[in-house]
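Just so we're aligned: 120 in numbering that gives the first Met the number 0 is position 121 of the sequence shown, and the numbers increase by one with no gaps anywhere.
From the three backbone atoms N, C-alpha and C, an ideal C-beta is built for every residue, glycine too.
Below: the structure, in structure tokens.
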Amino acid sequence: MANQAIVRNTKDFVKGKVLLQKITYMISLMEERPKAKRFLPIPSLSGSLFIVASLMFVIFVTKQANSLPQQSVCDTLRTQTPGGWGAAPAGNNPGTYLHNNFAAAFPNGLHVGCNDSLVLTSAQSVTDFLPSGGSPSTLPSGTLTNPTSHSNTLAGHVVTLKLSITFDKYDPGFGSSPINLEDLTVTQGTFAGWTVSQVFAEANKALGGCNS
């Protein structure tokens with residue numbers, strides 16, 4: 000429904016078309032920017048709403064109490080877009096990396112959400128699912144396993160961030176930053192002071208229909 004809130008049972012969320020339009024607009028801004036410049040300040044919105052666009056690459060990040068310059072940290076981090084992770088393997092593209100490493104990095108499959116969840120059990124299931132477009136929304140009730148036609152921008156970006164966070168921890172060669180992606184801190188906007196892992200946890204609550 001056009002005016003349905005993105006997140007069920009979560010206090011202080013802005014509802015309706017205007018919110019969806021703002022999120023969709025910010026996603027488009029993120030996707031239009033080249034990878035090396037995919038850092039944007041997050042405009043403040045009412046409530047504890049997390050921004051779908053920030054799930055591609057949590058924005059303006061730096062680790063608290065770390066002496067490394069912010070730019071040097073960010074330049075050595077690695078993330079991929081939904082389209083990158085969802086690409087069919089070819090040469091040394093992200094799809095090839097995914098298919099070569101998914102089973103070892105996700106021995107029990109990739110799980111996102113909470114009460115309601117989405118599970119991807121193989122690299123091919125990721126390829127089949129990503130990128131996922133359509134309106135951002137909560138997951139359907141229950142467990143959605145290896146969907147190939149589930150259109151949900153929010154789910155696509157949560158899965159994308161899960162892949163980047165997990166591969167960053169699993170493979171020392173995934174990125175050259177000495178700091179884990181999940182340990183970085185948002186410095187501007189609604190989620191200033193939150194770590195990437197905290198934003199990701201909030202995203203899973205929103206996606207799975209749990210209370211914030």
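- [ ] Please say whether K168 and N151 have beta carbons closer to each other than 7 Å?
- [x] In the sequence shown, the residue the question calls residue 151 occupies position 152. In the sequence shown, the residue the question calls residue 168 occupies position 169. Taking the C-beta atoms as reference points, K168 is found no nearer than 7 Å to N151.
- [ ] For my contact list, W84 and L76 are in at a C-beta cut-off of 8 Å; report their separation, rounded to the angstrom.
- [x] Translated into positions along the sequence shown, residue 84 becomes position 85. Translated into positions along the sequence shown, residue 76 becomes position 77. Contact doesn't hold; Cβ gap of about 16 Å is too wide.
TODO: Tell me whether G82 sits in a helix, a strand or coil according to DSSP, three-state version.
DONE: Counting from one through the sequence shown, the residue named residue 82 turns up at place 83. DSSP places G82 in the helix class (H, G or I) of the three-state scheme.
TODO: Keeping to the same chain, check which residues put their C-beta closer than 8 Å to that of L129; ignore five residues upstream and five downstream.
DONE: In the sequence shown, the residue the question calls residue 129 occupies position 130. Closer than 8 Å at the Cβ level, and outside the excluded window around L129, lie P81, G82, W84, G85, G155, V158 and T159.
- [ ] Report the residue from F173, G94, S116 and T78 whose alpha carbon sits nearest the alpha carbon of T126.
- [x] Within the sequence shown, residue 126 is the residue found at index 127, counting from 1. The shortest Cα separation from T126 among F173, G94, S116 and T78 belongs to G94.
- [ ] Using three-state DSSP, classify S116 as helix, strand or coil.
- [x] Numbered from its first residue, the sequence shown carries residue 116 at position 117. Under the three-state reduction of DSSP, S116 is assigned to strand.
- [ ] Alpha carbon to alpha carbon, how far is G132 from L206? Give it in angstroms, no decimals.
- [x] Numbered from its first residue, the sequence shown carries residue 206 at position 207. Numbered from its first residue, the sequence shown carries residue 132 at position 133. Between L206 and G132, the alpha-carbon positions lie close to 15 Å from each other.
Task: Inter-residue Cα distance where the pair is A202 and P171 - done: If you number the sequence shown from 1, residue 202 lands on position 203. If you number the sequence shown from 1, residue 171 lands on position 172. Going from the Cα of A202 to the Cα of P171 covers about 25 Å.
Open item on the list: Helix, strand or coil, according to DSSP, for L109 in the structure here?
Closed with: By 1-based counting over the sequence shown, the position of residue 109 is 110. It is a strand residue.
Open item on the list: Only counting the same chain, and skipping five residues up and downstream in sequence, which positions put a Cβ closer than 8 Å to that of A89?
Closed with: Taking the sequence shown and counting its residues from 1, one reaches residue 89 at position 90. Within the same chain, A89 has close Cβ partners T95.
Task: Minimum C-alpha distance to N107 - residue among S116, S121, C113 and N99 - done: For the purposes of this step, residue 107 is taken as residue 108 along the sequence shown, with counting starting at 1. When each option's Cα is compared against that of N107, the closest is S121.
- [ ] May I ask you to report which of helix, strand or coil DSSP gives L160?
- [x] For this step, residue 160 is matched to residue 161 along the sequence shown. DSSP places L160 within a helical segment (H, G or I) once states are collapsed to three.
Task: Assigned exposure category for G192 - 16 Cβ within 10 Å defines buried - done: Here residue 192 refers to the residue found at position 193 when the sequence shown is read from its first residue. Classification of G192: exposed, given that the 10 Å Cβ count is below 16.
Task: Residues near G141 by beta carbon distance below 7 Å, same chain, minus five either side - done: As a working note, residue 141 is residue 142 in the sequence shown. Excluding positions up to five away in sequence, the list reads D115.
Task: Residue range of the alpha helix (DSSP H) that includes T95 - done: For the purposes of this step, residue 95 is taken as residue 96 along the sequence shown, with counting starting at 1. P93 to A104 is the span of the alpha helix (DSSP H), which, as asked, contains T95.
Task: Beta-carbon proximity list for C209, same chain, < 7 Å, skipping 5 on both sides - done: To locate residue 209, count along the sequence shown from 1; it is residue 210. Counting only Cβ-Cβ distances below 7 Å, and skipping sequence neighbours, we find C113 and N114.
Open item on the list: I need the boundaries of the beta strand (DSSP E) containing T189, first residue and last residue.
Closed with: For the purposes of this step, residue 189 is taken as the residue at position 190 of the sequence shown. First-last for T189: undefined, no H or E at that position.
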